[in-house]
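Accompanying notes for the structure given below.
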Amino acid sequence: MRIRPRRRRATPALRRLLTEVRLHPSELVLPLFVKEGISEPTPLRSMPGVVHHSRASLRVVVEQAAAAGLGGVMLFGVPEHRDATGTGATDPDGILNLAIADAVEAARGRLVVMADLCLDEFTDHGHCGVLDSRGAVDNDATLVRYADMALAQARAGADVVGLSGMMDGQVGVVRDALDDAGFTGVSVLAYAAKYASAFYGPFREAVESTLVGDRRTYQMNPANRREAALEVAIDVEEGADIVMVKPAMSYLDVLADVAATSPVPVAAYQVSGEYAMIEAAAAQGWIDRRPAILESVLSIRRAGADHVLTYWALEIAGWLREDLTTSDRTNR
Ligand code: PBG
4 MRIRPRRRRA TPALRRLLTE VRLHPSELVL PLFVKEGISE PTPLRSMPGV VHHSRASLRV
64 VVEQAAAAGL GGVMLFGVPE HRDATGTGAT DPDGILNLAI ADAVEAARGR LVVMADLCLD
124 EFTDHGHCGV LDSRGAVDND ATLVRYADMA LAQARAGADV VGLSGMMDGQ VGVVRDALDD
184 AGFTGVSVLA YAAKYASAFY GPFREAVEST LVGDRRTYQM NPANRREAAL EVAIDVEEGA
244 DIVMVKPAMS YLDVLADVAA TSPVPVAAYQ VSGEYAMIEA AAAQGWIDRR PAILESVLSI
304 RRAGADHVLT YWALEIAGWL REDLTTSDRT NR
């Protein structure tokens, strides 16, 4: 036996030297929920360890995220009132737009402030767009709302707008609206390959979604791999600065495809259901929480994501500060 792969695994020093992918805080992005009308952070039942932030507690966590060296934060707004067209999304005093300004102030340029650009948190029916007279999501009428929403977010100071609605033409329309208003420096993160996934379940509770039914007329069919390349190509052509694959763990094949061909950086979103599954199993004592979390995020990076949106971003950054070699002492 000349080829003995175990030789390379024999000591911690060899394993450390021969590690292909490492996690670093700067490639982690922390999603944050900001709720209108609360004065204290409130825990989310479906996502143990995650909270609804008040505007004040948002500033605190953004400061912590910057101090921990995270790459960015992704903001979601949870408004008190919803209506058919999602007025709160474009109101400069809407919770998300206020939160963007707060976060930008707290971040002081140390991390990237991103905002979710989608109507589902703001509509009373819970769809990502406005509805036509038959109750179907009206693509082109929604684009008009997205353009306005992008301008509101840019005026609030967002560095990056994260288009998660999966409407056709959304990247181009938002890019044009931003450029025409002089916001040429605001980047577009396109949720290019976003699947109609059951793993968004806990998130829907987190944003108090009122959705009845599903999003299968706009989000992708989980069975489709090839189609992701088309979605990415369209978004890049329309001017996306970053493309995203979402969810992450059940779509590592898609992520690897996209990473292999995308001319722009690739993000992946480890979504609420991925978080909740590991937390639930760990709470039962069925899985070793810390190594499971680290392995899950490492696998997303290994599959090709340049950065990862994960609800564990802050906690992982804390772990990474500890000496990594102490976590691998076994020499047998
Ligand atoms: C849409 C949006 C969703 C998520 C992020 N942006 C929900 C959906 O498409 O139904 C899910 C994130 C998660 O599950 O963690 N605004």
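Letter by letter, the sequence shown follows residues 4 to 335 of my numbering. By construction, the Cβ of each residue, glycine as well, lies at the ideal position given by its N, Cα and C atoms.
Here Ala-92 is buried: its Cβ has 16 or more other Cβ atoms, across all protein chains shown, within 10 Å.
Inclusion of Phe-206 in the 7 Å shell around the ligand PBG follows from its C-beta lying nearer than that to a non-hydrogen atom of the ligand. Taking 4 residues as the minimum length, the stretch 71-102 contains no alpha helix (DSSP H) run wholly inside it.
Taken through DSSP and simplified to helix, strand or coil, Ser-190 comes out as strand.
Here DSSP, grouped into helix, strand and coil, assigns Asp-151 to helix.
Taken from the Cβ of Glu-124, at least one heavy atom of the ligand PBG lies inside 7 Å. Between the stretch 247-259 and the stretch 297-314, the count of C-beta pairs closer than 8 Å reaches three or more; the two stretches touch. Taking 8 Å as the cut-off, the beta carbon of Val-274 is found no closer than this to the beta carbon of Val-246.
Rounded to whole angstroms, Ile-281 and Ala-295 show a C-alpha spacing of 7 Å.
Leu-122 and Asp-143 have their alpha carbons spaced roughly 14 Å apart.
Judged by pairs of C-beta atoms under 8 Å, the stretch 178-187 does not touch the stretch 116-135, as fewer than three such pairs exist. Collapsing the DSSP output to three states places Asp-291 in coil. In this structure, Asp-135 lies away from Asp-86, with their beta-carbon atoms at least 8 Å apart. Following the DSSP letters along the chain, one finds Thr-45 inside the beta strand (DSSP E) bounded by residues 45-47.
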